[in-house]
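> FYI, in the numbering used here the residues of the sequence shown are 345 to 520. Where a beta carbon is used, it is the ideal one built from N, C-alpha and C, also for glycine. Values in this document were obtained by computation on a predicted structure and should not be read as measured data.
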Amino acid sequence: MRSTVGWRRAGAAGLVFRAAGDADIAFLSRLYASTRLEELAVTDWSEAQKAAFLGMQFQAQHAHYHKHYPQADWLVVSHAGQDIGRLYIERWPSQHRIIDIALLPAHRRKGHGTALLRDLIDEAWLAGKYVSIHVEKNNPARGLYLELGFAVVEDKGVYDLMACAPDGGWAAAANP
345 MRSTVGWRRA GAAGLVFRAA GDADIAFLSR LYASTRLEEL AVTDWSEAQK
395 AAFLGMQFQA QHAHYHKHYP QADWLVVSHA GQDIGRLYIE RWPSQHRIID
445 IALLPAHRRK GHGTALLRDL IDEAWLAGKY VSIHVEKNNP ARGLYLELGF
495 AVVEDKGVYD LMACAPDGGW AAAANP
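(1) Quick one: Cα of Ala395 to Cα of Val502, how far?
(2) Compute the beta-carbon to beta-carbon distance between Ser422 and Val360, rounded to the nearest angstrom, for a pair I have assumed lies under 8 Å.
(3) Should Ala354 and Ala459 be called a contact, given that it needs their Cβ atoms to be closer than 8 Å?
(4) So is Met400 buried or exposed if we call it buried at 16+ other beta carbons inside 10 Å?
(5) If you draw a straight line from the alpha carbon of Glu498 to that of Leu398, how long is it in whole angstroms?
(6) Please name the residue, chosen from Thr379, Leu375, Glu391, that lies closest to Leu419 on a Cα-to-Cα basis.
(7) At the level of alpha carbons, what is the spacing between Gly457 and Lys473?
(8) On the premise that Thr379 lies in contact with Ala446, defined as a C-beta separation below 8 Å, what is that separation, rounded to the nearest angstrom?
(9) Just to confirm, is the Cβ distance from Arg430 to Ala471 under 8 Å?
(10) Taking the C-alpha atoms as reference points, what is the distance between Val479 and Arg441?
(11) Is Trp351 helix, strand or coil when you go by DSSP?
(12) With respect to the alpha helix (DSSP H) encompassing Tyr503, which residues constitute its N-terminal and C-terminal limits?
(13) Would you kindly report the start and end of the unbroken alpha helix (DSSP H) that includes Trp469?
(14) Can you tell which of Ile443, Ala377, Ala424 has the C-alpha that lies nearest to the C-alpha of Pro528?
(15) Can you tell me which residues form a DSSP beta bridge with Leu488?
(16) Give the DSSP-derived three-state secondary structure of Arg380 in the structure shown.
Spelled out as structure tokens, the structure:
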């Protein structure tokens, strides 16, 4: 795991990071499920069906991420001694790719995500890199990304590839 030392905003917000391990799978699965609650609320599935579906989806996502981002930092985010989220990052020569960032519902809209993103942007920019992330078009955090200077650089259907470049050079961000 690369250091997050110097992430002053996250530190000031009381956020602590550690490498995710096998012991965190249950928490990470629960966190993943919390990001899909609204989507599944409109189904007529039983709670057992929803739980089974979410378990399969989490396992598929987890396997996909680890296969396609082998050098990533898989971080569990904690606050006041409680696990509250995850931040998955892979640092490439030209950019820092946010693979995933998620917080439990009780910890959203409290400034934690903003602190994490601003610190990550600062880290990348100091290294002369940009930050990118795939964002679902209906993601409630989309407005935050735009507010922080991210722009859509590629339409990927359900997702948009968004990037935040130090010089606003979106053409460079669109073609890594």
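A quick look at the data gives this:
(1) 23 Å
(2) 5 Å
(3) yes
(4) exposed
(5) 28 Å
(6) Leu375
(7) 20 Å
(8) 5 Å
(9) no
(10) 12 Å
(11) coil
(12) Segment 503 to 508 is the beta strand (DSSP E) holding Tyr503; no alpha helix (DSSP H) there.
(13) 456 to 470
(14) In the structure as shown, the chain begins at 345 and stops at 520. Residue 528 is therefore absent and cannot be evaluated.
(15) DSSP lists no partner for Leu488.
(16) coil
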